[in-house]
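In this note's numbering, the protein residues as written are 116 to 270.
From the three backbone atoms N, C-alpha and C, an ideal C-beta is built for every residue, glycine too.
First comes the structure, then the notes that go with it.
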Amino acid sequence: MLVTTAAAAFRAALPTGGRLLGLDLGTKTIGTALCDAEWHFASPAPLIRRTKFTADKAELATLIGKQRVVGIVLGLPLHLDGSESPRAQSTRAFARNVADLGPVLLWDERLSTVAVERAMIAQDMSRAKRADRIDSLAAAHILQAAIDALVATAF
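So this is what it looks like as structure tokens:
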């Protein structure tokens, strides 16, 4: 299947409409988010606690099946100058390994966690609540940016 950083190629590989799954890949967790079938808004979804890759992939496959997901948007960790970080290499490998679940768009995630954390602090959210929610909210932030770009390229 397709793994790309090009929004146009990703869009071309998808059917018209359908839900997308956003992922914020961490070493201990995978933040997830889903968008509606019309690609208007992204919402946080359940956090996946990472174990072994096979179990993680099975959990993603279950989520994809239940939610009728047609594509995956995976946050790509880049340095502020746009160069790839060491984590970007492992993210690309993860993308290749889950590409059989659907087309994968690697999306620049620079500062997504920072933006989400600032918003939670502004809402006076406790540190404990922020820790529980930050990965899935970051996934929603990444997914929202991607669907905004995908919708813009349609016109």
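Assigned secondary structure, residue i (DSSP; H/G/I helix, E/B strand, else coil)
i, result
"residue 192", "coil"
"residue 250", "helix"
"residue 165", "coil"
Inter-residue CB distance, residue i and residue j (contact presumed, cutoff 8 Å)
i, j, result
"residue 219", "residue 262", "Going by Cβ atoms, the distance from residue 219 to residue 262 rounds to 15 Å, so no, they are not a contact pair."
"residue 180", "residue 251", "The Cβ separation is near 19 Å, so there is no contact."
Counted within 10 angstroms of its Cβ, other Cβ atoms place residue i as buried (16 or more) or exposed
i, result
"residue 224", "buried"
"residue 204", "exposed"
Through-space distance from residue j to residue i, alpha-carbon basis
i, j, result
"residue 268", "residue 168", "34 Å"
"residue 119", "residue 209", "13 Å"
"residue 216", "residue 193", "24 Å"
"residue 185", "residue 171", "18 Å"
"residue 163", "residue 259", "19 Å"
Neighbourhood of residue i by C-beta distance below 7 Å, restricted to the same chain and skipping five residues each side
i, result
"residue 255", "137, 148, 157, 158, 159"
"residue 257", "137, 139, 188, 190, 222, 224, 227"
Own chain residues within Cβ distance below 6 Å of residue i, not counting five before or after
i, result
"residue 189", "138, 210, 219, 221"
Contacts around residue i, its chain only, beta-carbon distance under 8 Å, and the 5 residues preceding and following it disregarded
i, result
"residue 117", "124, 125, 128, 214, 218, 219"
Check: residue i C-beta below 7 Å from any heavy atom of the ligand SAM
i, result
"residue 254", "In the structure on display, the ligand SAM does not appear, and there are no ligands present to speak of."
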